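Colleague: Residues 2 to 430 (our numbering) make up the sequence shown, in order.
Before I ask anything, let me first share the structure, which is written out below as structure tokens.
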Amino acid sequence: MTRLFAAFLALALLAPQANAAGMMGPMSDYKPGNLKLGNVSINPWYSVSTAYDSNIFAVPVDQVTGVRQGGGVRSAWVTTNMLGVNFKLPVSAMHSFDGGADVTHVNFSKQPRTNDYTAWGARLGYNYTGPMGIFGRIYDGYTNTADPAFSELAGARSQRWANSLGGSLGYAPDGGRLVLGGSADHTVDKYVDGQTFGPLLNRYTQTFGANVGYRVQPKTKVFVGYRRQIIHYTVKRTASEDKNSKSHFADLGVEGVIAPKLRGLIQAGYQLRDYDQASDAIVGTRSARRSYVQAVVASSQLTWKPMDRCVWILALNRGLNESTFVTNRYSITNNANISVTHRFPYKLTANVRGGVSIDKYPESVSPTPGVAAHNRRDDTYTQGVGLSYGIREWVSIGADYQHSQRHSTASGQFNYEQHLTTLNAKLTF
């Protein structure tokens, strides 16, 4: 597969010379998005990448005692082929459809029978734009993929599928101050390996709510909102451990143009999660756990464009995530990521990024026998840099490097360091 990528890369690099000799034909004038079938706009795409991964399982180095986590630190070449298609179908000024499908195959040079996997997905959406500022959308999305090996949720590579069905309805008249919105979503997560991870992670999540906004400027609104969320697991984790829960969210924020050259979303709120059953006393944990959890949650993203060719993006998130770590039913996750992208002349684009993720687990537990009980905390740091070159509007090549490192209070189990160097190419029709 690496040879195939090298051949594709060489062909892409030779494309300008081939075009000068008249070998490209009409494709030299091709622009993405002009494939039409009646009123349907069809956009197929294909990408291939080959990466050297220094730690494919994201596990710590072997301990001096000889203890090894997972499959141990192993490096491999990872080749990823992705093929997909997107479409848009405008039926009228009020009605339109959009959707797509894609398939991904990931091949590892080490232990391919164990590590290789194929993922695919499909999505369909209906959009409505009515009179007096009324608009709506109905969507469905299906994904069949594999969780990474030794991830926090699944301790080994595991195939799962997820389906999300939902919709939204809004009211935002031109020139009006009042903005209304409502949404609902039903998501099902199911692990194909029902014996290992199914009893722990098979669940559905229902979320619905509404918000009221007020335009303080033509392109800026402040809003308040309420959401209700229900998480229901197929089976209990243990006879005395019920992870089913119901949550209330209260949010407020501002969206749109925040300042000159700065736009985005700033949203913060409060979550009250109530578990259906308070856990009984469990060895190694507090004897009386509350059945409810209170947390400050946030979801913000800001885009700053100081000049036409330069874009800064800052994303901040805080929330509760499901957990399978010993007796912990959830973890509190804080994420901060920043990315700077600059387009240079001659179709060259550079990207520099960095991020930090802090995961805290509320239950004080002993992760391994003989180790004193403590609260687990993981701090993960990520830095990356990338370059891409647009040979044509429909073909690009690139290179990327990313370094990730996790520091955990349970260092022998969850510390890791990873270097990922990638070459990629993409066709977009």
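Beta carbons are placed, not taken as given, at the ideal position from N, Cα and C, and that holds for glycine.
Quick caveat: nothing in here was measured; it's all calculated off a predicted structure.
In whole angstroms, give me the CA-to-CA distance for residue 390 and residue 53.
Modeller: 21 Å
Colleague: What does the alpha-carbon distance come out to for the pair residue 259 and residue 302?
Modeller: 11 Å
Colleague: For residue 193, write down the residues that DSSP places opposite it in a beta bridge.
Modeller: DSSP, once it has assigned bridges, lists no residue as partnering residue 193.
Colleague: I need the DSSP call for residue 101, collapsed to helix, strand or coil.
Modeller: In the structure shown, the three-state DSSP call for residue 101 is strand.
Colleague: Quick one: Cα of residue 174 to Cα of residue 213, how far?
Modeller: 13 Å
Colleague: Going by Cα to Cα distance, which pick from 57, 360 and 385 is closest to residue 403?
Modeller: 385
Colleague: Can you give me the C-alpha to C-alpha distance between residue 329 and residue 364, rounded to a whole angstrom?
Modeller: 6 Å
Colleague: Which residue from 109, 393, 95 and 148 puts its Cα closest to that of residue 131?
Modeller: 95
Colleague: Buried or exposed for residue 190, going by 16 or more other Cβ atoms inside 10 Å?
Modeller: So residue 190 ends up on the buried side.
Colleague: Reducing DSSP to helix, strand and coil, say where residue 324 ends up.
Modeller: coil
Colleague: Here's the rule I'm using: 16 or more other beta-carbon atoms within 10 Å means buried, otherwise exposed. How should residue 426 be labelled?
Modeller: Burial state of residue 426 is buried, judged by a 10 Å Cβ sphere holding 16 or more other Cβ atoms.
Colleague: Put residue 414 into one of helix, strand or coil per three-state DSSP.
Modeller: Helix at residue 414.
Colleague: Terminal residues of the continuous alpha helix (DSSP H) containing residue 116?
Modeller: Residue 116 -> alpha helix (DSSP H) spans 113-116.
Colleague: Given this structure, state the Cα-to-Cα distance separating residue 109 from residue 250, to the nearest angstrom.
Modeller: 42 Å
Colleague: Buried or exposed: which applies to residue 22, given that a residue is buried once 16 or more other Cβ atoms fall within 10 Å of its Cβ?
Modeller: Here residue 22 scores only 36 on pLDDT, less than 50, and its place in the model is too uncertain to base an answer on.
Colleague: Spell out the partners DSSP gives residue 256 in its beta bridges.
Modeller: Beta-bridge pairing links residue 256 to 222 and 266.
Colleague: Just confirm the distance between the C-beta atoms of residue 233 and residue 205, as a whole number of angstroms; I'd bet it's less than 8 Å.
Modeller: 6 Å
Colleague: Verify whether the separation of the beta carbon atoms of residue 400 and residue 387 is less than 8 Å.
Modeller: yes
Colleague: On the DSSP letters alone, give me the boundaries of the beta strand (DSSP E) that residue 91 sits inside.
Modeller: 77-91
Colleague: Measuring straight from C-alpha to C-alpha, what distance separates residue 162 and residue 255?
Modeller: The alpha-carbon separation between residue 162 and residue 255 amounts to approximately 34 Å.
Colleague: Report buried or exposed for residue 192, applying the criterion of at least 16 other Cβ atoms within 10 angstroms of its Cβ.
Modeller: So residue 192 ends up on the buried side.
Colleague: Applying the criterion that 16 or more other CB atoms from any shown protein chain within 10 Å of the CB defines a buried residue, is residue 394 buried or exposed?
Modeller: Answer is exposed; the Cβ neighbour count stays below 16.
Colleague: Going by beta carbon distance, what residues of the same chain come within less than 6 Å of residue 160, once the five residues before and after it are set aside?
Modeller: 147 and 193
Colleague: Let me know the secondary structure DSSP gives residue 26 once reduced to three states.
Modeller: Residue confidence is low: residue 26 scores 37 on pLDDT, short of 50, so the model does not pin down where it sits. No coordinate-derived value is stated.
Colleague: According to DSSP, which residues form a beta bridge with residue 338?
Modeller: 316 and 356
Colleague: Just the Cα atoms here: how many angstroms apart are residue 82 and residue 184?
Modeller: 35 Å
Colleague: Where do the N-terminal and C-terminal ends of the alpha helix (DSSP H) with residue 199 fall, by residue?
Modeller: 199-202
Colleague: Can you tell me which of the three DSSP states residue 174 falls into?
Modeller: coil
Colleague: Residues in the same chain with beta-carbon distance under 8 Å from residue 378, minus the five sequence neighbours each way, listed in chain order, please.
Modeller: 359, 360, 361, 362, 409 and 410
Colleague: Only counting the same chain, and skipping five residues up and downstream in sequence, which positions put a Cβ closer than 6 Å to that of residue 243?
Modeller: 237, 277 and 278
Colleague: Output the distance between the C-alpha atoms of residue 336 and residue 380, rounded to the nearest integer angstrom.
Modeller: The alpha-carbon atoms of residue 336 and residue 380 are separated by roughly 10 Å.
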